[in-house]
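Chemist:
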Amino acid sequence: MFALQAATRPPSSRDSPRLRPHMTRSELEMNQDDGQLPPVFTPSLHRSLRKNRQRSVTESNIDHKYALRSLRRRRHGDSGGGGHESSSSDDSNAPSESVDHRSTDDRPNDDISKHQADSSDVPLANRKHTQIFFRPRTSILDYTELMYQGSDSIRGLVTCFWTIIGAYLISLLVTHYERSGEIMSSSLASLIFSRGLDLVLSDLALVVSTAFVVPFVRIFWVDGRWSSLMDPRTRRSMGVQAVAEIGWLVVWYLWQGSRGWPWSQRCFFALHTMVNWMKVHSYMSTNRRLAGIHRTKHELLAEKIDANDRVDEKLEHSEMDANIAALDAELCPYTVRFPQNMTLANYCMFQLSPALVYELEYPRTARIRWGYVLEKTAGTAGIFVVFYIVVAHLMIPHLERMSETGVMITTLHLMGPMATCWLLFFFITFDSIANGFAELTRFADRRFYDDWWNARGLDEFSRKWNRPVHMFLARHIYMPVRENWRIKGDSVTKDVVSRIRKSVPASVAAMAATFFFSSILHEVTIVVACHRWNHALFFFSQMMQIPLIILSERASWFRKQQALRNWSFWLAMVSYQPFLLCLYTYKAFEERSRATGGSPTSLMAVSANATTGVL
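Under UniProt numbering, the first residue of the sequence shown carries the number 1, and numbering increases by one thereafter.
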């Protein structure tokens, strides 16, 4: 499901330089600059690249667990008879990593038992790895990119949308001027921009501090003094990585808590800290896995050299060559080879790219369109102004009167403005900022979202509306849990954990683990931003989606009602977010009222004091 990448194979000498569909990206860009090739975004060219890569992977690339099992079998010889036959049978049925992402639930029963019997001693870093594939694509709603390509099917719709928004905002500002004598409320602006320099410097230090991962990986897993003692394929290595990541995260969250910022700065810094933690985790996990593959490859090479003089081993040379070639293909999928990728320049490019999943290299565009960057910068500023007006004039007044109107009435008042703010947040994040950084870094895969507005449930929405986070969770949470769910299922038949593993499908367990991890991240971010614990409302609201998803999939009559499912999704989205906001804000007013002995008259009075720990 996640194998979506187009890649290349080595060029053939008989291919014409102008017609070769499997040229490397450096050759593509070089020839494009010379005017010999069409633009990088040509669909037919990349369909050919994807087709050739898939054929190459099918022919040569195999799972490196298979290589490890073959290595162990050759080391221990044929003693035991039955064990050798079991290993051989398992090897013959070992699926290729790049062409088979099925869980053990989807495999035949005999394959499940062999997988369970043989996989328990496979090092953790060498189990299946989710292939997150990048290829040149545009954003669905990127109006500018569609105009570049000559497609203007949504031109009128986009123009109509922003015209209506502009007309409504003008009427809103005129009404506010008639009532208060000022065009726009300035109280929220003074809160947002207070201590701005401190926030900018802290955020810059946060980004720079993530570069510690480059020397960390080299020292512990590649060529440092600890690399000979720390095998990247073991759980001990994973524990060292977890300690480093959690320590980095705690340091920056403690730093934020010591600055005394208002809630707006805390929210921004907490979100950006979590984004950078995802980048740190993906970089360390991917390179730790590649370091394990690198060691496995060298072990196979040493085994091959030792077997050169043994006649009985010469028959296995072709098998060993295939294993070595498969491992080498993972270490160098395009033009950058591990560990030559572990440089500050390579990491800086990943840090600036709008991607949370690390790869050795990404598809690139031929040049930077500075006019496009300027347009996205102006769009970011314009959408931020609209966002500010909606919050200051349509949301804060209702929140300030919530003690009089009640939570339910305030929720009804906020349904429209909250949905508008959420759409504006989506546009400013994925259409303006993400596309702007993608253009600056020549990042060619602009598929930051899918058609989430057509979602028929919360599970489909979570996959489509934020693809960078979805791909991060898919690689580092969902697929690892799914692939390793039943590995030790038969080890202890009376064990409760084993029984749970047998009774719960791997897909359900992986989905639950993904939602749990996502809920933890959201709740931690909210707690850090608000400086308060609010009974984990967001966490439980996220986890409640799991039974709703399962029930909606089990109800066959509801599953067939596509329009009804889309209506129910939008009803949940429009009502769920303002209700949570009212609950959090109501708690903030309540605590502030108890602290001051009276009811606050303004939301600014509640949120301006950062030391009260509210909002």
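For glycine and all other residues, C-beta sits at the position ideal for the given N, C-alpha and C.
Keep in mind that this is a model prediction, so the values were computed, not measured.
Is it buried or exposed for ALA291, if we count other Cβ within 10 angstroms and need 16 for buried?
Modeler: One-based indexing of the sequence shown puts residue 291 at position 291. Flag for ALA291 reads buried.
Chemist: Can you pull the DSSP bridge partners for PHE443?
Modeler: Residue mapping note: residue 443 aligns to position 443 of the sequence shown, counting from 1. Answer is ARG364.
Chemist: Note down, in chain order, each residue of its chain lying with its Cβ closer than 6 Å to the Cβ of ASN566, except the 5 sequence neighbours on either side.
Modeler: The sequence position of residue 566 within the sequence shown is 566, counting from 1. Once the five neighbours on either side are set aside, the close Cβ partners of ASN566 are ARG456.
Chemist: Please classify LEU394: is it buried, with 16 or more other beta-carbons within 10 angstroms of its beta-carbon, or exposed?
Modeler: Start at 1 with the first residue of the sequence shown, and residue 394 comes out as number 394. By the neighbour-count rule (16 or more Cβ atoms within 10 Å), LEU394 is buried.
Chemist: Can you tell me whether ASN454 is buried or exposed, with buried defined as 16 or more other CB within 10 angstroms of its CB?
Modeler: As a working note, residue 454 is residue 454 in the sequence shown. It is exposed - the Cβ of ASN454 has fewer than 16 other Cβ atoms within 10 Å.
Chemist: Considering Cα atoms alone, identify which of THR525, MET415, HIS535 is closest to TYR253.
Modeler: Numbered from its first residue, the sequence shown carries residue 253 at position 253. Ranking THR525, MET415, HIS535 by Cα distance to TYR253 puts THR525 first.
Chemist: For ARG532, does the three-state DSSP call read helix, strand or coil?
Modeler: On the sequence shown, residue 532 is found 532 positions in, with the first residue counted as 1. ARG532 falls in the coil class under three-state DSSP.
Chemist: Taking TYR283 and TYR347 to be in contact with their CB atoms under 8 Å, please state how far apart those CB atoms are, rounded to whole angstroms.
Modeler: Residue mapping note: residue 283 aligns to position 283 of the sequence shown, counting from 1. Residue mapping note: residue 347 aligns to position 347 of the sequence shown, counting from 1. Between TYR347 and TYR283 the Cβ distance is about 7 Å, and since that is below 8 Å, they are a contact.
Chemist: Using CA coordinates, which residue listed in CYS530, SER519, GLU483 is at the minimum distance from SER507?
Modeler: Residue mapping note: residue 507 aligns to position 507 of the sequence shown, counting from 1. Ranking the options by Cα distance to SER507, first place goes to GLU483.
Chemist: Taking 8 Å as the cut-off, does the region 418-429 touch the region 374-390 (at least 3 CB pairs, one atom from each stretch)?
Modeler: Contact between the region 374-390 and the region 418-429 is present, because at least three Cβ pairs lie under 8 Å.
Chemist: Per DSSP, which residues does ARG137 bridge with? Please list them.
Modeler: The residue given as residue 137 occupies position 137 in the sequence shown. DSSP output for ARG137 lists ASP445 as bridge partner(s).
Chemist: Got a sec, what are the start and stop residues for the alpha helix (DSSP H) ALA419 sits in?
Modeler: As a first step, residue 419 is located in the sequence shown; it is residue number 419 there, counting from the start. Per DSSP, ALA419 belongs to the alpha helix (DSSP H) from 407-426.
Chemist: Three or more C-beta pairs closer than 8 Å, one from the region 192-212 and one from the region 336-356: is that the case here?
Modeler: The region 192-212 is in contact with the region 336-356.
Chemist: Sort PRO505, LEU440, THR159, TYR586 by Cα distance to LEU399 and report the nearest one.
Modeler: By one-based count along the sequence shown, residue 399 stands at place 399. Checked all of PRO505, LEU440, THR159, TYR586; the closest Cα to LEU399 is TYR586.
Chemist: For the region 325-334 and the region 266-273, state whether three or more C-beta atom pairs, one from each stretch, are separated by less than 8 Å.
Modeler: Judged by Cβ distances under 8 Å, the region 325-334 makes no contact with the region 266-273, as fewer than three pairs qualify.
Chemist: Quick check on this structure: which residue in LEU173, ASP450, LEU412, ALA555 has the alpha carbon closest to the alpha carbon of LEU581?
Modeler: For the purposes of this step, residue 581 is identified with residue 581 of the sequence shown, where counting begins at 1. Minimum Cα distance to LEU581 is reached at LEU412.
Chemist: With a threshold of 7 Å on Cβ separation, who are the neighbours of GLN542 within its own chain once the five nearest residues in sequence on each side are excluded?
Modeler: Here residue 542 corresponds to residue number 542 of the sequence shown, with the count starting at 1. Excluding sequence neighbours, GLN542 sits near PHE515, SER518, SER519, HIS522.
Chemist: Since GLU178 is in the alpha helix (DSSP H), which residue starts that stretch and which ends it?
Modeler: One-based indexing of the sequence shown puts residue 178 at position 178. 155-180 is the extent of the alpha helix (DSSP H) around GLU178.
Chemist: Between the alpha carbons of PRO547 and ASN466, how many angstroms are there, rounded?
Modeler: Looking up residue 547 in the sequence shown gives position 547. Looking up residue 466 in the sequence shown gives position 466. About 22 Å.
Chemist: When the distance is taken between beta carbons, is ALA242 closer than 7 Å to ARG364?
Modeler: Your numbering for residue 364 matches position 364 in the sequence shown. Your numbering for residue 242 matches position 242 in the sequence shown. No, the pair does not count as a contact, with Cβ atoms beyond the cut-off.
Chemist: Please work out which residues of its chain come closer than 6 Å, Cβ to Cβ, to PHE538, disregarding the five sequence neighbours upstream and downstream, and give them in chain order.
Modeler: In the sequence shown, counting from the first residue as 1, residue 538 sits at position 538. For PHE538, where only same-chain residues beyond five positions count, the Cβ hits under 6 Å are HIS522, GLU523, ILE526.
Chemist: My output table needs one value for CYS332: the three-state DSSP class, helix, strand or coil.
Modeler: For this step, residue 332 is matched to residue 332 along the sequence shown. Three-state DSSP puts CYS332 in coil, outside helix and strand.
Chemist: Going by beta carbon distance, what residues of the same chain come within less than 7 Å of ILE433, once the five residues before and after it are set aside?
Modeler: Here residue 433 refers to the residue found at position 433 when the sequence shown is read from its first residue. The residues are THR380.
Chemist: Less than 7 Å separating the beta-carbons of GLN265 and LEU172?
Modeler: The count along the sequence shown starts at 1 and reaches residue 265 at position 265. The count along the sequence shown starts at 1 and reaches residue 172 at position 172. For GLN265 and LEU172, no; Cβs fall outside 7 Å.
Chemist: Using a Cβ-Cβ cutoff of less than 6 Å, which residues in the same chain neighbour THR410 once the five nearest sequence positions on both sides are dropped?
Modeler: Mapped onto the sequence shown, residue 410 falls at position 410. Within the same chain, THR410 has close Cβ partners HIS398, MET402, CYS582.
Chemist: Classify PHE212: buried if its beta carbon has 16 or more other beta carbons within 10 angstroms, exposed otherwise.
Modeler: Here residue 212 refers to the residue found at position 212 of the sequence shown. Exposed, because fewer than 16 other Cβ atoms sit within 10 Å of the Cβ of PHE212.
Chemist: Quick check: what's the CA-CA separation for GLY406 versus PRO578?
Modeler: Translated into positions along the sequence shown, residue 406 becomes position 406. Translated into positions along the sequence shown, residue 578 becomes position 578. Taking the straight line from one Cα to the other gives about 13 Å.
Chemist: What does the alpha-carbon distance come out to for the pair GLY260 and MET147?
Modeler: Here the question's residue 260 lines up with position 260 in the sequence shown. Here the question's residue 147 lines up with position 147 in the sequence shown. Spanning the two alpha carbons is a distance of roughly 46 Å.
Chemist: Taking the alpha carbon of ALA419 as the point to measure from, which residue in PRO480, PHE387, PHE558 has its own alpha carbon closest?
Modeler: Counted from its first residue, the sequence shown places residue 419 at position 419. Ranking the options by Cα distance to ALA419, first place goes to PHE387.
Chemist: According to DSSP, is GLU523 helix, strand or coil?
Modeler: Working through the sequence shown from its first residue, we reach residue 523 at position 523. GLU523 falls in the helix class under three-state DSSP.
Chemist: What did DSSP end up calling GLU400 once you bin it into helix, strand or coil?
Modeler: On the sequence shown, residue 400 is found 400 positions in, with the first residue counted as 1. Correct three-state label for GLU400: helix.
Chemist: Are the beta-carbon atoms of TYR372 and GLU439 separated by less than 7 Å?
Modeler: Here the question's residue 372 lines up with position 372 in the sequence shown. Here the question's residue 439 lines up with position 439 in the sequence shown. Yes; because the gap between Cβ atoms is below 7 Å, this pair is in contact.
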